[in-house]
Amino acid sequence: MGPWVREALLQERRSGGKARCLTCERRCLLAPGQRGFCRTREN
1478 MGPWVREALL QERRSGGKAR CLTCERRCLL APGQRGFCRT REN
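1478 is the number of the first residue of the sequence shown in the working numbering; add one for each residue after it.
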């Protein structure tokens, strides 16, 4: 990761490197390299 990549405020870390996005009401569960439905977050 480059110096411009950092932990997002509106997310929860899950097991297996996954993250729960809390930006919109869909609450996407993102695997590494995946983007959420609203495309705001990439894990």
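All residues carry an ideal CB built from backbone N, CA and C; glycine is no exception.
These figures come from a predicted structure and were not determined experimentally.
Using the Cβ count rule (16 or more neighbours within 10 Å means buried), how would you classify G1494? exposed
Is the beta carbon of L1507 less than 8 Å from the beta carbon of R1518? yes
Between the alpha carbons of A1485 and R1497, how many angstroms are there, rounded? 11 Å
Buried or exposed: which applies to G1510, given that a residue is buried once 16 or more other Cβ atoms fall within 10 Å of its Cβ? exposed
Backbone CA spacing between E1502 and F1514 [nearest angstrom]: 10 Å
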